[in-house]
């Protein structure tokens, strides 16, 4: 029997009020409003562990402004990323990165795909696109390789994507704007436990500024871009704790000529 969705509103430490919301549309509206107000969560549905993966130049850029994609990683680092994808339940990417790079976003190793299948998982992780406008080209490689796809958008974008992505992906609106809290809640309900996020800068900035990222894998390539118009790993934002907060560094290692740094942004402090 399918479990009926409901919200849990925390009234005090001893009392919760459960309000059944009939119908998917009514439930989505009620959940969006309650989450926006910060006083509602769906009961007993853990959000996925969110891992941000990015390669940048020494001066913090993730690409240049040339027509061709700037390759920051080396072969060893690409293999490391492939392993991370294989270890993930889902991979999320922003619309700007899809348009710029036209990625397939796959687990490339046949051995790793076989290991996933042997563990009872699909050969490829769920692929997720995020677009506020809904301006996504259905002919791009992203939609035609791998297994299941999911597109999160706004109410306005949903009207466009329901037709464009028919038969290619499930389309879900998070309301009038992109709501990453609602996205993570929905992924939790879908059984996603580990989410890998591969950019771009707007998505990484949103997740970090809202305190939703659990881990960062930052691969620093021995390159200098030096182009003020090129995209960066992160944009200006009101990050939790401000500039005084120091994230916990848990690993530093070399991957060929790339330096990999692993941070836990929810841990750490002001360094005092």
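Numbering (the numbering used here), first residue to last: -19 to 252.
Every residue, glycine too, gets a C-beta built ideally from N, C-alpha and C.
Predicted model only: the values in this text are computed from it and were never measured.
State the CB to CB distance for the pair residue i and residue j, rounded to an integer number of angstroms; the pair is presumed to be in contact (CB under 8 Å).
| i | j | result |
| --- | --- | --- |
| residue 154 | residue 162 | 4 Å |
| residue 58 | residue 83 | Wrong, their Cβ atoms sit about 12 Å apart, outside the cutoff. |
| residue 69 | residue 172 | 4 Å |
| residue 229 | residue 243 | 6 Å |
| residue 25 | residue 168 | 5 Å |
| residue 160 | residue 131 | The Cβ separation is near 14 Å, so there is no contact. |
| residue 53 | residue 238 | 6 Å |
| residue 116 | residue 141 | 6 Å |
| residue 183 | residue 74 | 4 Å |
| residue 245 | residue 196 | 6 Å |
| residue 148 | residue 198 | That pair is no contact at about 32 Å. |
Go through its chain and collect everything with a Cβ distance to residue i's Cβ below 7 Å, but skip five positions before and after it.
| i | result |
| --- | --- |
| residue 300 | Residue 300 is absent from the structure shown; the chain starts at -19 and stops at 252. |
| residue 101 | none |
| residue 189 | 217, 218 and 219 |
| residue 213 | 34, 36, 40, 42, 181 and 184 |
In its own chain, which residues sit with a C-beta less than 6 Å from the C-beta of residue i, not counting the 5 before and 5 after it?
| i | result |
| --- | --- |
| residue 81 | 49 |
| residue 77 | 179 and 180 |
Whole angstroms are fine: how far does the CA of residue j sit from the CA of residue i?
| i | j | result |
| --- | --- | --- |
| residue 249 | residue 200 | 24 Å |
| residue 2 | residue 55 | For residue 2, the pLDDT reaches just 44, beneath the cut-off of 50, and the residue's location in the model is therefore unreliable, leaving the point undetermined. |
| residue 209 | residue 33 | 22 Å |
| residue 150 | residue 223 | 39 Å |
| residue 27 | residue 98 | 25 Å |
| residue 95 | residue 88 | 12 Å |
| residue 143 | residue 72 | 21 Å |
| residue 51 | residue 126 | 23 Å |
| residue 191 | residue 221 | 10 Å |
| residue 174 | residue 91 | 20 Å |
| residue 44 | residue 211 | 7 Å |
What are the partner residues of residue i, as DSSP defines its beta bridges?
| i | result |
| --- | --- |
| residue 107 | 71 and 129 |
| residue 239 | 200 and 234 |
For residue i, I'd like the list of residues in its chain whose CB is within less than 8 Å of its CB, leaving aside the five on either flank, ordered along the chain.
| i | result |
| --- | --- |
| residue 86 | 65, 104, 125 and 126 |
| residue 164 | 27, 28, 30, 175 and 192 |
Using 8 Å as the threshold, is the stretch 131 to 141 in touch with the stretch 111 to 122, meaning 3 or more CB pairs across them? Taking one beta carbon from each stretch, the stretch 131 to 141 and the stretch 111 to 122 have 3 or more pairs nearer than 8 Å; the two touch.
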